[in-house]
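Asker: Residue numbers (the working numbering): 66 to 443.
Every residue, glycine too, gets a C-beta built ideally from N, C-alpha and C.
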Ligand code: GDD
Ligand code: MN
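(1) Which value, in whole angstroms, describes the spacing of the CA atoms of residue 382 and residue 388?
(2) Around the C-beta of residue 66, are 16 or more other C-beta atoms found within 10 angstroms, so that it is buried, or is it exposed?
(3) Report back the beta-carbon spacing between residue 221 and residue 246 to the nearest angstrom; my notes put them in contact at under 8 Å.
(4) Count the other C-beta atoms from every protein chain shown that fall within 10 angstroms of the C-beta of residue 123, then say buried if there are 16 or more, exposed otherwise.
(5) Quick check: residue 199 and residue 237, are their CB atoms within less than 8 Å of each other?
(6) Select from 335, 332, 143, 153 the residue whose C-alpha is nearest the C-alpha of residue 101.
(7) Please find out if some non-hydrogen atom of the ligand MN comes closer than 7 Å to the beta-carbon of residue 98.
(8) In whole angstroms, what is the alpha-carbon distance linking residue 226 and residue 202?
(9) Can we count residue 289 as close to the ligand MN, meaning its CB is less than 7 Å from some heavy atom?
(10) Tell me whether residue 259 is buried or exposed, calling it buried when 16 or more other Cβ atoms sit within 10 Å of its Cβ.
(11) In chain order, what residues of the same chain have a beta carbon less than 7 Å from the beta carbon of residue 103, not counting five sequence neighbours either side?
(12) Check whether the Cβ of residue 475 lies closer than 7 Å to any heavy atom of the ligand GDD, and answer yes or no.
(13) Apart from the five residues just before and just after residue 116, which ones in its own chain have a Cβ nearer than 6 Å to its Cβ?
(14) What is the rounded straight-line gap between the Cα of residue 364 and the Cα of residue 430?
(15) Have a look at residue 273 and residue 359 and give me their C-alpha separation to the nearest angstrom.
(16) Considering only residues of the same chain and omitting the five flanking positions on each side of residue 83, which have a CB-CB separation below 8 Å?
(17) Give every residue of the same chain whose Cβ lies closer than 8 Å to the Cβ of residue 266, excluding the five residues on either side of it in the sequence, and list them in chain order.
(18) Mind listing, in chain order, the continuous alpha helix (DSSP H) runs of no fewer than 4 residues lying wholly within the segment 241-269?
(19) Helix or strand or just coil, what does DSSP make of residue 349?
(20) Taking 7 Å as the limit between beta carbons, can you name the residues of its chain near residue 98, skipping five residues before and five after?
(21) Can you check which of these residues, 155, 136, 121, is closest to residue 304 by C-alpha distance?
(22) Taking all protein chains shown into account, do 16 or more other C-beta atoms lie within 10 angstroms of the C-beta of residue 68, making it buried, or fewer, making it exposed?
(23) Which of the three DSSP states, helix, strand or coil, is assigned to residue 329?
(24) Spatial neighbours of residue 251 within its chain, please: C-beta separation below 8 Å, excluding the five flanking residues on both sides.
(25) Specify, as a first and last residue, the run of the beta strand (DSSP E) that residue 91 falls within.
(26) Since residue 342 and residue 361 are thought to touch, with beta carbons under 8 Å apart, how far apart are those beta carbons, to the nearest angstrom?
(27) Spell out the partners DSSP gives residue 122 in its beta bridges.
(28) Just tell me which of 216, 253, 207 has its CA closest to the CA of residue 281.
(29) Less than 7 Å separating the Cβ of residue 127 from some heavy atom of the ligand MN?
(30) Going by C-alpha to C-alpha distance, which of 370, 121, 404, 428 sits closest to residue 419?
(31) Less than 8 Å between the C-beta atoms of residue 422 and residue 399, yes or no?
(32) Would you list the one or two residues that DSSP bridges to residue 279?
(33) Buried or exposed: where does residue 380 fall if 16 or more other Cβ atoms within 10 Å of its Cβ makes it buried?
(34) What does DSSP give as the partner residue(s) for residue 285 in the beta ladder?
(35) Confirm the yes/no value for this check: CB of residue 180, any heavy atom of the ligand MN, distance under 7 Å.
Encoded structure:
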């Protein structure tokens, strides 16, 4: 049998034994010590199955990608998607899935915390045709999480409750990062995925056009042996963004809502400075108001940096450049604000309509321009 329509002399000389039935997608960030033992465990668990593994590495500093390619040179079941200049657990899983072709796709972590011995059961469940998605679950009977400290247990519980808001099915462990699904179910959801943060499962569940037929299989979440967890405050922030995006993202971008909220806080800051300055010393109102505006813009910049653009946070000396660009953007925004308001007021003298319209135009302007000049993606 010929492969595609290639001329005879262009046929590969060595055909792989079988096209994979299962692609296992593994995101990695500094997991070098885990790669070889993990690969061995998966190979053992999946004996007798046609499978492949796609590691998606975000340019780890410890040489994870080099190691994966080294294995790949000897074993055709292994591939490496090496991403440069980008980060993100969810997008890594999405792109790994898109880079594969098998009818079934599993995603699991690269640190051996997920039990690869569950893979054959997951596959058998999907092969039966009665399910779209099988989830490795810590929260059904027989399953177990590790003994996290109280704070992480609380956080995980809260996250689970929040996630029920957006995913329309009742599921015991929506936070799981270990599951297998039919490719067609993934493809039906893929264009609506938000790709934000860690929680791809939640993203898929809430992006699917129809409810997925799912099953949870119990497993024990193992403690990490090598390397470190990447869960930090940014992960928590991204989780919040994902939830809000799924709730209101189709109406208005979450980032803009945060930006507008920060703008509202800025108004308070401005009034507070004004009040304080007027109460203590009164040179001229205009001078005091100018100082208040300068302070409010700086505080907006810092708040946006902390909240709205947490994932692209500016640090160190770059803060000065960032603040400078933000001042310029906001000055032009203020001019636009005044112009629009004055124009509208001239057309129809209703002060609050004119004022609100001006503020809205200013906000959209500031939002759009600062996303290009101040928090540009690196
Ligand atoms: N490519 C890539 N890019 N991989 C990443 C990134 C990233 O930005 N961040 C983390 N990873 C990889 C890690 O190398 C690891 O293989 C896997 O993603 C999970 O990261 P951990 O840092 O080990 O996560 P965890 O143990 O705290 O969280 C896990 O357990 C949760 C259950 O509470 C993850 O599996 C979650 O998905 C899961 O929900
Ligand atoms: Mn882990």
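Answerer: According to the structure shown:
(1) 10 Å
(2) Note on residue 66: pLDDT 39, under 50, position unreliable in the model; no value is reported.
(3) About 22 Å; that fails the 8 Å criterion.
(4) buried
(5) no
(6) 143
(7) no
(8) 16 Å
(9) yes
(10) buried
(11) 175, 177
(12) Outside the displayed range of the chain (66 to 443) lies residue 475, so it cannot be described from this structure.
(13) 85, 87
(14) 18 Å
(15) 46 Å
(16) 115
(17) 200, 239, 240, 241, 242, 244
(18) 248-254
(19) coil
(20) 291, 292
(21) 155
(22) Because residue 68 sits at a pLDDT of 46, beneath the cut-off of 50, its placement in the model cannot be relied upon, and the following sentence gives the value as read from the coordinates. Exposed, by the Cβ-count rule.
(23) helix
(24) 162, 170, 269
(25) 87-93
(26) Rounded, the Cβ-Cβ distance is 12 Å, inconsistent with contact.
(27) 93, 147
(28) 207
(29) no
(30) 404
(31) no
(32) 198
(33) exposed
(34) 209
(35) no
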